[in-house]
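Sequential numbering of the sequence shown, starting at 58, is according to the numbering used here. Here a beta-carbon is modelled for each residue, glycine too, at the ideal position from N, C-alpha and C. Here's the structure we're looking at; comments come further down.
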Amino acid sequence: MEPIKSVTDLKRSFQKLPGIGEKTAERLAYASLRFKKEELDEFINALYNVKTNVHPCPNCGMYIDTPSCPICNDPSRNDDTLLVVSDAKNIISFEKTDTYHGLYFVLGGCISPIKNISPEDIRIPQLLKNIKENNVKEIILALSSTIEGETTALYIAQLLKNSPIKVTRLAYGLPLGADLEYVDEITISRSLEGRTTLKGEEK
């Protein structure tokens with residue numbers, strides 16, 4: 058029996074999502090066939106709205122669906138501390154801990170010679186500009202403990218070696234190679250509180 062083309066096309070679309078393999082994509086595709094019309098319309102509208110309305114904050118890079126960033130424009134935030142992450146979704150992990158109250162900066166990736174990603178390919182130039190234009194006293198490098206994350210953290214620390222800014226990183230309580238997206242809130246909170254110094258006065 059030839060596969061149903063429409064279902065196969067939908068399955069391939071689901072497979073483009075991270076963490077979705079062929080079997081899961083197939084289950085999702087067939088589950089979609091059981092949607093009522095109003096449920097299907099709601100699903101389609103949600104996909105359309107997230108693509109149309111969500112955009113990165115031009116300053117920090119966090120995804121927002123409002124004209125101004127709720128974090129960058131929050132006067133209660135400590136604007137002298139900047140926590141640097143590789144992906145916007147990592148911000149959610151830190152916000153859930155309710156232990157960090159500074160600002161954020163999203164690099165949009167990590168340096169990777171294997172993938173041919175250079176410092177200019179991510180937002181390192183914008184990071185340096187952000188630091189220069191604002192009253193930043195500490196940079197917290199909250200990057201994954203992968204080779205790419207380590208390389209990026211050391212590169213940024215080297216760039217700031219002659220500046221008065223303190224550069225710290227998350228404590229090594231995080232599993233080796235861990236992606237922050239999959240680390241629990243307690244571990245992230247402890248890693249943040251016990252962060253180590255790469256440059257500047259010892260914490």
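- Two segments are said to touch when three or more pairs of C-beta atoms, one from each, lie closer than 8 angstroms; by this definition the stretch 246-257 touches the stretch 217-228.
- DSSP, reduced to helix, strand and coil, places R226 within a strand of the structure shown.
- If you look at E177, you'll find it isn't in any alpha helix (DSSP H); DSSP assigns it neither H nor E.
- Contact between the stretch 133-144 and the stretch 89-105 is not established, with fewer than three Cβ pairs separated by less than 8 angstroms.
- By the CB criterion at 7 angstroms, I148 and Y161 fall inside the cutoff.
- According to DSSP, F162 shares a beta bridge with V141.
- Contact between the stretch 101-113 and the stretch 74-81 is absent: fewer than three C-beta pairs spanning the two stretches fall below 8 angstroms.
- At a Cβ-Cβ threshold of 7 angstroms, E195 and C167 do not count as neighbours.
- About 5 angstroms separates the CB atoms of L200 and A210; that is less than 8 angstroms, so the two are in contact.
- The Cβ neighbour count for I171, taken over all protein chains shown within 10 Å, is under 16; the residue is labelled exposed.
- Taken through DSSP and simplified to helix, strand or coil, Y157 comes out as coil.
- Going by beta carbons, T154 and E99 fall outside the 7 angstroms limit.
- Looking from the CA of V193, the closest CA among D66, A88, N135 and P124 belongs to N135.
- Of the candidates T65, P221, A103 and H112, T65 places its Cα closest to the Cα of L90.
- Under the three-state reduction of DSSP output, D136 falls in the strand class.
- Within the same chain, I168, P176 and I181 come within 8 angstroms of Y212 by CB-CB distance, once the 5 residues on both sides are set aside.
- Membership of E205 in the alpha helix (DSSP H) is indicated by the continuous run I204 to L216.
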